[in-house]
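J.: Each residue of the sequence shown is one higher than the one before, starting from 15 at the first, in our numbering. In this text, a Cβ means the ideal position worked out from N, Cα and C, and glycines have one as well. Structure in structure tokens, see below.
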Amino acid sequence: MPAAVIIGAQWGDEGKGKATDLLAGRIDYVVKFNGGNNAGHTVVIGDEKYALHLLPSGILTDGVTPVIANGVVIDIEVLFGELEALSARGVDVSKLLISANAHVITHYHRTLDKVTERFLGKRQIGTTGRGIGPTYADKINRVGIRIQDLFDENILRQKVEAALDQKNHLLVKVFNRRAISVDEIVDDLLSYAERLRPMVADTALVLHEALERGETVLFEGGQATMLDVDHGTYPFVTSSNATAGGAATGSGIGPNRIDRVIGIVKAYTTRVGAGPFPTELFDESGEFLRKTGFEFGTTTGRPRRCGWYDAPIARYTARINGVTDFVMTKLDVLTGLERIPVCVAYDVDGQRFDELPVSQSDFHHATPIYEEFPGWSEDISGARSFEDLPKNAQDYVLAIEAMSGARISAIGVGPGRDAIVVRHDLLD
Ligand code: GDP
Ligand code: IMO
Ligand code: MG
15 MPAAVIIGAQ
25 WGDEGKGKAT
35 DLLAGRIDYV
45 VKFNGGNNAG
55 HTVVIGDEKY
65 ALHLLPSGIL
75 TDGVTPVIAN
85 GVVIDIEVLF
95 GELEALSARG
105 VDVSKLLISA
115 NAHVITHYHR
125 TLDKVTERFL
135 GKRQIGTTGR
145 GIGPTYADKI
155 NRVGIRIQDL
165 FDENILRQKV
175 EAALDQKNHL
185 LVKVFNRRAI
195 SVDEIVDDLL
205 SYAERLRPMV
215 ADTALVLHEA
225 LERGETVLFE
235 GGQATMLDVD
245 HGTYPFVTSS
255 NATAGGAATG
265 SGIGPNRIDR
275 VIGIVKAYTT
285 RVGAGPFPTE
295 LFDESGEFLR
305 KTGFEFGTTT
315 GRPRRCGWYD
325 APIARYTARI
335 NGVTDFVMTK
345 LDVLTGLERI
355 PVCVAYDVDG
365 QRFDELPVSQ
375 SDFHHATPIY
385 EEFPGWSEDI
395 SGARSFEDLP
405 KNAQDYVLAI
415 EAMSGARISA
425 IGVGPGRDAI
435 VVRHDLLD
């Protein structure tokens, strides 16, 4: 079992951290390949709760080598903050490897993220404000700063000068903000260089060699399919490829190395930030899901928008990523509902769509066509095998499995590490 990818199947916060933690005892490397500290992955171990942002969740498991690969954007201050906080809690962070090719989030990226959002007004995306979009934009515009630039002051200064030349015009003349000085940025970045140096590696080569030795590599995706810059609800997306293909480009391994793609899907749907969300609930059912599921952002604390399960989205995710297995999380949150609606198709102006409409305008006013399933009232948090679940909960899972495009191999019944029902081995 050489390489597996974990991806978000909806709009994020499906429980990717928990799924990674579940597998971490059986892997050698855990790789973050996209995004940055916009992610918030929660792992609950006993009474301890960890929220990982820039670091992959597998770092919590002894013996696993964590890797931040080339596809990630790194806020170095956040990186050291997170490393120190984990060290203080007794986590061994000494094995972390960082790609020399990863891009760096600077002060001007964070500033631009925030002022751009303010400028968009009603049309804003609701970003996490961490500088993610502007940093990826610089990467594509070929004016980004990479980790390796921190080890060549001359190059670093030239690149920061080039980047700020345009940006300062924008900041001052368009956004009415103060100009940012080249020295300020260069000095700040250089101050981290020596601390970073021992962690920096040719991570693509490291992963290649690990795979050649027959070791197991798990790619932990950030964000989710519907937030992917190519396949999500553009422009209401993040700026990276959060889908399985991103694991190859974002780390430098060949796509044929990946033989398991594990989609993490909630038993209902949530979304943070703006953009279309057909099954969104504005009534007491939505409030029930938010309260019972504790649906507040791990990164920004924002209340998450909540809605019913959307099967066309699951099918889309299964197809775009080549999902081999789904992990369905938070089934326990649905306990106590009399009936549970599931979106099986959309209605757009009287026309039925069984798959996602190709036009974003159509998707914006798609209304769900629901099929309802009977609920259950038994506490399922202690279930550890499929047979432990009440019949109606089993039927709900089986019905969803039949419409979602891949088997549901594990079912989350609580936030804790052990609160899971495994039906099929995810790595075998
Ligand atoms: P991620 O970004 O995909 O890693 O997900 P988040 O950590 O942002 O959000 C998922 C939340 O659901 C976290 O608070 C988890 O502790 C919690 N969680 C994960 N799986 C389950 C589950 O099966 N049941 C319940 N009740 N909570 C879960
Ligand atoms: P995890 O990995 C949920 C959302 C933001 C916003 C959009 C763009 O925890 O699932 P960005 O700051 O990336 O430019 O914001 O994407 N977003 C997430 N929503 N979970 C995440 O990560 C997210 N990362 C970004 O709310 O709508
Ligand atoms: Mg999250």
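1) Can you give the Cα-Cα distance for T293 and R318, rounded to whole angstroms?
2) Roughly how many whole angstroms lie between the Cα atoms of D368 and T247?
3) Do N335 and T257 have their C-beta atoms closer together than 9 Å?
4) Sorted by chain position, which residues of the same chain lie with C-beta nearer than 6 Å to M342's C-beta, five sequence neighbours on each side aside?
5) Compare the Cα-Cα distances from T338 to each of L241, F296, G311, L441 and report the closest residue.
6) With burial defined as no fewer than 16 other Cβ atoms inside 10 Å of the residue's Cβ, what is the status of F2: buried or exposed?
7) Under 6 Å Cβ to Cβ from G428, same chain only, skipping five residues before and after it: list those, please.
8) Do the region 402 to 420 and the region 252 to 272 make contact, defined as three or more Cβ pairs closer than 8 Å?
9) Could you check the C-alpha separation between Y64 and V58 for me, to the nearest Å?
10) May I ask you to report which of helix, strand or coil DSSP gives D339?
11) Starting from R319 and walking both ways along the beta strand (DSSP E), at which residues does that stretch end?
12) Which same chain residues, not among the five before or five after D152, have their C-beta less than 8 Å away from its C-beta?
13) For D324, list the residues DSSP reports as bridge partners.
14) From the DSSP output, which residues share a beta bridge with L66?
15) When burial is assigned at 16 or more other CB atoms within 10 Å of the CB, is E301 buried or exposed?
16) Starting from I272, follow its DSSP beta bridges and name the residues at the other end.
17) Here's the rule: buried if 16 or more other CB atoms are within 10 angstroms of the residue's CB, otherwise exposed. What is P326?
18) Measuring CB to CB, does I73 end up less than 9 Å from V44?
19) Could you compute how far the alpha carbon of V435 sits from the alpha carbon of V411?
20) Compare the Cα-Cα distances from D393 to each of E385, D402, E386 and report the closest residue.
21) Quick one: is I199 buried, meaning 16 or more other Cβ sit within 10 Å of its Cβ, or exposed?
22) Which residue's Cα is closest to the Cα of G235: A224, V243, L348, N255?
23) Could you check if P429 belongs to the surroundings of the ligand GDP, using beta carbon to heavy atom distance under 8 Å?
24) Determine the DSSP secondary structure at H379, reduced to helix, strand or coil.
25) Got a sec: does the ligand GDP put a non-hydrogen atom nearer than 8 Å to the Cβ of F250?
26) In whole angstroms, what is the alpha-carbon distance linking P80 and L69?
27) How is the alpha helix (DSSP H) around I174 delimited, first residue to last?
T.: According to the data block:
1) Start at 1 with the first residue of the sequence shown, and residue 293 comes out as number 279. Start at 1 with the first residue of the sequence shown, and residue 318 comes out as number 304. One C-alpha to the other measures close to 13 Å.
2) As a first step, residue 368 is located in the sequence shown; it is residue number 354 there, counting from the start. As a first step, residue 247 is located in the sequence shown; it is residue number 233 there, counting from the start. Computed Cα separation, rounded: 17 Å.
3) By one-based count along the sequence shown, residue 335 stands at place 321. By one-based count along the sequence shown, residue 257 stands at place 243. Closer than 9 Å, so yes.
4) Taking the sequence shown and counting its residues from 1, one reaches residue 342 at position 328. Around M342: V279, A281, I422, I425.
5) The residue labelled residue 338 in the question sits at position 324 within the sequence shown. Nearest C-alpha to T338: L441.
6) Since the first residue shown for the chain is 15 and the last is 442, residue 2 is missing from the structure and cannot be characterised.
7) For the purposes of this step, residue 428 is identified with residue 414 of the sequence shown, where counting begins at 1. Excluding sequence neighbours, G428 sits near D346, S395.
8) no
9) The count along the sequence shown starts at 1 and reaches residue 64 at position 50. The count along the sequence shown starts at 1 and reaches residue 58 at position 44. So the alpha carbons of these two residues sit roughly 6 Å apart.
10) Numbered from 1 along the sequence shown, position 325 holds the residue referred to as residue 339. Strand.
11) Position 305 of the sequence shown, counting from 1, holds the residue named residue 319. Note, R319: beta strand (DSSP E), 319 to 321.
12) Translated into positions along the sequence shown, residue 152 becomes position 138. Here the set comprises H117, H123, G158, I159, A177.
13) Within the sequence shown, numbered from 1, the residue matching residue 324 stands at position 310. According to DSSP, which records beta bridges pairwise, D324 is partnered with C357.
14) Mapped onto the sequence shown, residue 66 falls at position 52. H55, per the DSSP bridge assignment.
15) One-based indexing of the sequence shown puts residue 301 at position 287. When all chains shown are included, E301 counts as exposed.
16) Position 258 of the sequence shown holds residue 272. DSSP lists A17 as partners of I272.
17) By 1-based counting over the sequence shown, the position of residue 326 is 312. Buried is the call here.
18) For the purposes of this step, residue 73 is taken as residue 59 along the sequence shown, with counting starting at 1. For the purposes of this step, residue 44 is taken as residue 30 along the sequence shown, with counting starting at 1. In this structure, V44 lies closer than 9 Å to I73 by Cβ.
19) Start at 1 with the first residue of the sequence shown, and residue 435 comes out as number 421. Start at 1 with the first residue of the sequence shown, and residue 411 comes out as number 397. One C-alpha to the other measures close to 12 Å.
20) Taking the sequence shown and counting its residues from 1, one reaches residue 393 at position 379. Residue D402 is the option with its Cα nearest to D393.
21) For the purposes of this step, residue 199 is taken as residue 185 along the sequence shown, with counting starting at 1. With 16 or more other Cβ atoms within 10 Å, it is buried.
22) The residue you call residue 235 lines up with position 221 of the sequence shown. It is N255.
23) Here residue 429 refers to the residue found at position 415 when the sequence shown is read from its first residue. Indeed, a heavy atom of the ligand GDP lies less than 8 Å from the Cβ.
24) Working through the sequence shown from its first residue, we reach residue 379 at position 365. H379: coil per DSSP, three-state reduction.
25) Counting from one through the sequence shown, the residue named residue 250 turns up at place 236. Incorrect: F250 has no Cβ contact closer than 8 Å to the ligand GDP.
26) As a position in the sequence shown, residue 80 is number 66, starting the count at 1. As a position in the sequence shown, residue 69 is number 55, starting the count at 1. Their backbone Cα atoms lie some 8 Å apart in a straight line.
27) Numbered from 1 along the sequence shown, position 160 holds the residue referred to as residue 174. Residue 174 is actually Val in this sequence, not Ile. First-last of the alpha helix (DSSP H) with V174: 167 to 183.
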